[in-house]
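Data first, discussion second: the structure below is written as structure tokens.
Numbering (our numbering), first residue to last: 11 to 127.
Quick look at the structure:
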């Protein structure tokens with residue numbers, strides 16, 4: 011072991027960042043999706059590794075909304091070490107689905123507006 015963070019953990023860090031971002035924006039998972047018979051799933055995820063994180067490095071995750079479309083939106087994440095070095099760029103695409111059919115469906119208007127602001 012090289013003391014380097016396992017590559018897949020960057021996606022876990024992105025998930026933590028995504029959850030914090032949505033929570034901070036006022037997103038209510040139950041009200042905004044579940045109560046309407048909807049959910050969202052990750053359609054794609056990519057990581058560009060730039061500089062290694064090593065244990066016990068401290069790091070920061072910055073999250074911003076990318077493109078908001080009919081039934082999907084993207085998040086872009088920047089993971090930086092405490093020394094300012096950019097370690098990874100992550101992007102995920104979320105798709106809103108109908109829980110009954112599992113098929114993509116329109117993002118609820120209130121959620122789309124929240125994502126765009």
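Glycine is no exception: its CB is placed at the ideal position from the N, C-alpha and C atoms.
Given the structure is predicted, the values throughout are model-derived calculations rather than measurements.
- Per DSSP, residue 42 lies in no beta strand (DSSP E) segment; the continuous alpha helix (DSSP H) that holds it begins and ends at 39-42.
- Distance between residue 108 and residue 47, taken at the CA atoms: about 6 Å.
- Nearest in C-alpha terms to residue 93, of all of 37, 63, 113 and 58, is 63.
- Around residue 121, the same chain offers 42 as residues with beta carbons nearer than 6 Å, after the five sequence neighbours per side are excluded.
- Residue 93 is not bridged by DSSP to any residue.
- With respect to the 9 Å criterion, residue 89 and residue 24 are classified as neighbours on the basis of their beta carbons.
- In this structure, the straight-line span from the alpha carbon of residue 20 to that of residue 70 is close to 12 Å.
- Under the three-state reduction of DSSP, residue 77 is assigned to strand.
- Distance between residue 119 and residue 12, taken at the CA atoms: about 47 Å.
- Of 59, 33 and 127, the smallest CA-CA separation from residue 101 is found for 59.
- Residue pairing of residue 103 in beta bridges, as defined by DSSP: 54 and 84.
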